[in-house]
Structure formats: C-alpha cells, structure tokens
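Chains as they are written, first to last, in the working numbering: chain A, 1 to 336; chain W, 1001 to 1336.
For each residue, glycine too, the CB sits at the ideal point set by N, CA and C.
2 protein chains.
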Amino acid sequence: MSGPVTIRDVARAAEVSPATVSRTFLRPEKVDPATRERILDAAARLDYRPNRAAQSLITGLTGNIGIVVPDLANPFFPSVVKGIQGRAEELGYSALLVDTDEDLKRESELVAALSRQVDGLVLCSARMADEDLVALREQRPLVLINRQVPGVAAVTFDNEGGIAQEVVHLKALGHRRIGYVAGPSTSYSSRVRQAAATAELAREGLVEVPIGSFAPSFDGGRSAAEKVLLADVTAVMVYNDVMALGLVNQLTRYGISVPNDISVVGYDDIEFASMSNPPLTTVRIPREHAGALAMSYLHALMGSSGPAPEPPARLPTKLVFRGTSVRAPSAPPAGD
Amino acid sequence: MSGPVTIRDVARAAEVSPATVSRTFLRPEKVDPATRERILDAAARLDYRPNRAAQSLITGLTGNIGIVVPDLANPFFPSVVKGIQGRAEELGYSALLVDTDEDLKRESELVAALSRQVDGLVLCSARMADEDLVALREQRPLVLINRQVPGVAAVTFDNEGGIAQEVVHLKALGHRRIGYVAGPSTSYSSRVRQAAATAELAREGLVEVPIGSFAPSFDGGRSAAEKVLLADVTAVMVYNDVMALGLVNQLTRYGISVPNDISVVGYDDIEFASMSNPPLTTVRIPREHAGALAMSYLHALMGSSGPAPEPPARLPTKLVFRGTSVRAPSAPPAGD
DNA sequence: CTGTTAGCGCATTCAT
DNA sequence: ATGAATGCGCTAACAG
C-alpha cells in the first residue's frame, strides 16, 4: 500500500491540498510560513521525493544535461568530463554521458537522440560540421568545448598563445630549425595549432619543418620518428602529449637522446606528461576548469530568465618547462 | 501550433486511435501489418518521438542507468565507464555518470539521489559499506565492479590469479626477497591483493617484505622508494601501475636502476604502463570488458521477465612481461 | 485486431 | 493564502 510517497500523501498528512504542497517546493514564499513548516515537516517525515517524470511531463524539463566526448579513453577527456559533471552536480543537474568512439556518423545520431533527453548539451571537441552544430543550437542550449563555431557558445583554449610560448621557449634555447608534428587534419584543434605554429615560427624568424600528420596516439607519435630524424631539426613541436611521448619513445630506440640531441615539446599537459622519463615539456591547458566553466555557462543559457550570460571564455594556456627541452646542441654558448 | 508531435497527431494522420499507435511501437506483432505500416509511415513522416517523461510516468521506468566512479581522473576508470556506456547504448539505455571524488559521504548521498533516477546502477570500486550496498540492492537492480559483497551481483577480477602470476614470474627470475607496496587499506582491492600476495609468496616459499601502505598515486609510489631501498629486496610488487610508475621514477632518482638493481611489477596495465620507459611489467585486467559485462548483467537483472541471469563473472587477469622485471642480480646463473 | 476509458504524479490556471 | 479542477503524453486494462 505504501509505494512511492506522492504529493497527495504529503498533502493529506499536512492537511492541505496537493497544490499547496507543490507551491511549497517551487515558490515557498507564496505559502504561509506556518503551513509551509507543517508541509516541509510532513514531507521530511514521509521522505517524500518529487517524481521527476511527472515534473518533466508538465514542465518539459528533465534536470539532465548531456555530455558528449569522442573517446573517453583519450586522456584529454576524463578531466573535462569531471569538470562538467562536478559543476552540474552543484547546479542540481544530472549528467548523461555519451562516447562517440570518434565516429562522426555515430556522433550525429547520438547527439540527436541525446538532445531530446536533456535540457542542454556540452560537446567536447565535437567533430560534427559547423552547420549541424548551429542547427543543434536552435533546439537546445549548447556549449562547445575546444571547438569554435560562429554563433555557438564555446569554451576554448588560447592555442595561439600556447604555441607562441612554445616557439619563444625553443627560440630562447637556441633552436632554429623546428619540426612540427601535426595531428589528424580532421581535428579542429590540430588545424588551429598547426596554423598557429606556422604563423609564430615565421614571426620569430625560425624555420618550420613540417613533419606530417599522424594519428593522435602513442603509435602515431612513434611513426613520426623516422621523418623527424630525416628532417635535420634540433627541436620538434608535437600536436599533443600522447604523440610526443610516442615520439620520444621511438627516438630513444633509434639511439637519439631526448633532449640532448633533439628537444620535444608536447601539448595538453596530461597527467602522465610529468610522470614520464624524462618529464615532458608541454603546454598546460585547464581541462577540468574548462568543463566546469562550460557547465556554468550552459546553466546560464538554460536559465529561463536571468540576464544575458557573459560571453564564452577563452582560457589561458601555459608552457610547462620540464625535461624534454634543452639548449640546442649546435647553438652558440649562452650570452650571444 | 506544431510543438512536439504527439501520439495523437500520429493517430490522426494514420486514422487510428492513439492506443494503436502505442501498440505499434511496444508490441508490433499485436497490430495488423497493414495498419502498422500506415502508422509507422505517418510516424516517420511526422518525425514522431515518444515522450520519455510520459512513458516514464506510467511505466515507472526511465531508460537510464547510473554509473558511479570514485574518480574519473584515475586512469583505471575511464575504460570501465566506456565499456559500461557502450553496452548501455547498444541495449537502448542512456548512462548517467557520477564522480564521487573518493568521498565516502558524497558517495552515499549521490548514489541515493541517483538511484531514484535510473532503472539500475553500476558501481565501480564502491567504497560504501557492505550493508549499504545490500540495502541499495533491495531498491534497484545493482551490479558492482571490482568489489565483492555477499548477495550483490558483481563483476570482479581474478586478483589471486594475477598476484600468483606475479609471484611465479619473480620466482622464476630468481628473486627471493620480495617487497610488497600496498595501496590504502580502505580500498577493497588493495586488501584483496595484499592478502593474495602474502599467501602466494608464502606458498612459493619466498620472503615477503611488507613496505607499507601508500596513497594510490604517482607520489604515493614515490614516497615508497626510501622504504624499498631499506628493505634489501631485489623485486617489488606494487598495488597498482600509477604507484609503480612513481616508485620507478623515484628509485631512478636515487641512482637505482630498474630493472637491473630492482625489479618492479605493477597492476592494472593502464595505457601508460606500456608507454613508460622502461615499459612496466604488470598484470592486465580487462577493464572495458568488465564494464560491458556488468552492463549486460544489469540488463538481465532489470529485465522484468527473462530467465535467471547467469552468475556474475570473475574475469581473468594476465601478467604482461615487459621491461621493469629481469633476473635477480644475486641469482645464480640460469640452469640451476 | 482496434477503440474507449482511465489515470500515472505533478504544476498550473482560476476561483475562493 | 489556499483549494478544486484540468491536462501534460502516454500505456494498460477492458470492451467490442
């Protein structure tokens, strides 16, 4: 006879109407303090919990947000997800997670399906076409992370700044011919970083030696090693840390010492960057913070009322100087 | 006037009653092929999507499952989550993810809140008390991963087997005095592995040298280094890979060569185990598979009907012989 | 095989 | 400030 306790049970216990109980939770100020007390009391005593489905049915809101990532096994994403989920928690939302497995088609389908089950979406490093993203944005509040599309809210990273810091760092160490190992050309951030590298290297009067595009994996980095050897460079900038780690690994197998023969700089500052041997010089990007920020922003977008939310953020990046970069072997002694 | 298209719109378009439309989706065989065709057609034309909230309200089911992890930033969990989510996807469920931040109190609260929003739960490496887990199981279908509690379904790993393989491996390499670096004593799997190590080492007639308990982090592993040095051992078994990596790192700083002076064996086979230098000898456990299996099992538990689901699984573990373990320095030449 | 009726639990008019 | 009535979209009996 018990079943889940409903709003009517509480109403009966507090000797009021269901409507008043409802008000007590939604607009407490619109109910007399005394009766409010009585109702809250009864609710607590009966351990009443509003039925989400019923609320949903009537309000059209679910209290859920959706998180979409290309691949949770990619060490870049767990922190981002953690940031989103944590903030969602604080704001009273539950988070639905979807992994698209880097499959563009799946991504579109999954996002479409997911969008109908949530009040808003956070897409991490979305692979979808700009137009699809814009279309999606029409239907649900939407925030992108690590992807920029005109007209869509986004939390991005200052990649140009990060790349610039890498370039200045390597230049200061006396490097002149610098290789760039790119990620997949289908990746938005790879394109951005690649372009930034080309621009910055040119601006600083250094020689860019393009090494090519490789899979953004440890093995992808490894397979770049031969080309790096052939490129006659003293330093290499790599699309991301995982690839950089792979490159260092393979270079070492070839008998090349990193950093003594060749300096290597990664990107992302994943946890393992500092644990590897030697620890990787890289660019730190605030992943978890980005997640939290994106969620905060999404919350503002979902707010029925509220002021116009502040503009999307572009988070700072920071070079972390560790063990895989040193003064160029051929460089003149410091002081020149 | 359009709004979301409802079951009545479809009914009108197909000139049938709403009930028939409903049946067409739930029990297609109970409706005439001709009309079914007509309805499906209309539904497709109108792009009808059933309203989940309404379905939920009536069936009491949400179509969601909950995933709880202690810390997504711990490299152990993303794969597990990926396995769960992927299988959930296939089975038609959406996955709600919660990160408890290793906070026992939060875990209880979050799980309680989450449990009312889902049809079933998968808890990864739950920290909660046995009794709470049993209580939870009364309310919702529940599957544990990497934790065993009497009366609760679970997917576990054959830790005893994994530890036994480590011991045999080290014994074969001529090691006699072997250190064991434990994780936090609050961790279920740490206790299990510790106990297994003690038992196996004894059985093989080797000397166990307990190094102590440390945080299950890179720094935790590092801080075990001094004690390892003092322990006069030729090999160390470590609770998990992250710690093992930290230990190797710090040992190296002390001028100790791994594996030449001391062999180190980790556990878990996280991605970075094979990327580190030297690559870590460790025990592989099928994390993603465990996730998928747990989800399959949960599905069976949630099935209103269906046969009694097969018993929970205990997945095999496998030693992966890589670069941090070699023949003991003091060992007599092979062949003795 | 199909339509009719009823109601899931709640938020929201509109009265009072 | 509170209550009675209505319906969100759908499924589950029961008739026909």
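Query, Result
"Note down, in chain order, every chain W residue with its Cβ under 9 angstroms from the Cβ of Val98/A.", "Gln1085, Glu1089, Ser1094, Ala1095"
"Which residue wins for smallest C-alpha separation from Pro1150/W, given the options Phe1157/W, Leu1133/W, Ala1164/W, Glu1166/W?", "Leu1133/W"
"Look up Ile1065/W in the DSSP assignment and give the residues it is bridged to.", "Ala1095/W, Gly1120/W"
"So Leu1097/W and Gln85/A are in contact, right, with Cβ under 8 angstroms, and what is the actual spacing, rounded?", "6 angstroms"
"So, is the C-beta of Pro1078/W closer than 8 angstroms to a C-beta in chain A?", "yes"
"Do Leu72/A and Val1118/W count as a contact pair if the criterion is CB distance below 8 angstroms?", "no"
"Using three-state DSSP, classify Val1031/W as helix, strand or coil.", "coil"
"Just the Cα atoms here: how many angstroms apart are Glu1208/W and Asp269/A?", "38 angstroms"
"With distance defined between alpha-carbon atoms, name the residue in Gly1291/W, Pro1316/W, Val1326/W, Val1320/W nearest to Val1122/W.", "Gly1291/W"
"Applying the criterion that 16 or more other CB atoms from any shown protein chain within 10 Å of the CB defines a buried residue, is Asn260/A buried or exposed?", "exposed"
"Threshold first: 3 residues or longer. Then list the beta strand (DSSP E) segments lying entirely within the stretch 1229-1288 of chain W, N to C.", "1235-1238, 1263-1265, 1282-1284"
"Among Gly1003/W, Val1192/W, Arg1176/W, Ala1199/W, which residue has its Cα nearest to the Cα of Ala1182/W?", "Val1192/W"
"Which one of Ser79/A, Arg27/A, Ala14/A has the shortest CA to CA distance from Asp41/A?", "Ala14/A"
"Hey, how far is the Cα of Gly1063/W from the Cα of Leu1057/W?", "12 angstroms"
"If you measure from the beta carbon of Val1081/W to each beta carbon in chain A, is any gap under 8 angstroms?", "yes"
"Take Ala1224/W as the anchor and find which of Ala1113/W, Val1233/W, Gly1212/W, Ala1235/W has the nearest alpha-carbon.", "Gly1212/W"
"Is it the case that the CB of Asn1074/W approaches a heavy atom of the ligand SAH more closely than 7 angstroms?", "What this structure holds is no ligand at all, so the ligand SAH is not there to describe."
"Give a yes or no on whether the minimum CB-CB distance between Asn1249/W and chain A is below 8 angstroms.", "yes"
"Is there at least one Cβ from chain W nearer than 8 angstroms to Ser276/A's Cβ?", "yes"
"State the Cα-Cα distance for the pair Gly335/A and Ala328/A, rounded to the nearest angstrom.", "Only weak support exists for where Gly335/A lies, its pLDDT of 47 falling under 50; the coordinates are left without a value."
"For Leu245/A, collect the residues of the same chain with a Cβ closer than 8 angstroms to its Cβ; drop the 5 residues on either side in sequence, then sort them by chain order.", "Phe218, Gly221, Gly266, Phe272, Ala273, Ser276, Leu280"
"Would you say Phe1218/W lies against chain A (beta-carbon separation less than 8 angstroms)?", "yes"
"What's the gap between the Cα of Val1168/W and the Cα of Phe1077/W?", "28 angstroms"
"Relative to chain A, which residues along the stretch 1106-1136 of chain W have a C-beta separation below 8 angstroms, given in chain order?", "Leu1110, Leu1114, Arg1116, Gln1117"
"Which of the three DSSP states, helix, strand or coil, is assigned to Asp1336/W?", "Interpretation of Asp1336/W is limited by its pLDDT of 46, a score under 50 that renders its predicted location unreliable; the figure taken from the coordinates is listed afterwards. Residue state, collapsed to three classes: coil."
"Using the C-alpha atoms, what's the distance from Ile1256/W back to Ser1330/W?", "15 angstroms"
"Among Pro1311/W, Ser1263/W, Met1302/W, Ile1285/W, which residue has its Cα nearest to the Cα of Gly1323/W?", "Ser1263/W"
"So His1289/W and Gly1083/W are in contact, right, with Cβ under 8 angstroms, and what is the actual spacing, rounded?", "6 angstroms"
"Since Ser1363/W is in the beta strand (DSSP E), which residue starts that stretch and which ends it?", "Nothing about residue 1363/W can be read from this structure; chain W reaches only from 1001 to 1336."
"Using a Cβ-Cβ cut-off of 6 angstroms (strictly less than) and excluding sequence neighbours within five positions of Gly92/A, which residues of its own chain qualify?", "none"
"Assign Pro1033/W to one of two classes, buried (16 or more other C-beta atoms within 10 Å of its C-beta) or exposed (fewer than that).", "exposed"
"Counting only Cβ-Cβ distances shorter than 7 angstroms, please list the residues of the stretch 15-32 of chain A near chain W, keeping chain order.", "none"
"By the three-class DSSP mapping on this structure, what secondary structure does Leu1072/W have?", "coil"
"What three-state label does DSSP hand Ala1182/W in the structure shown?", "strand"
"Compare the beta carbon distance of Val1283/W and Leu1319/W with 8 angstroms and say whether it is the shorter of the two.", "yes"
"For a cutoff of 8 angstroms on Cβ pairs, would you count Phe1214/W as touching chain A?", "no"
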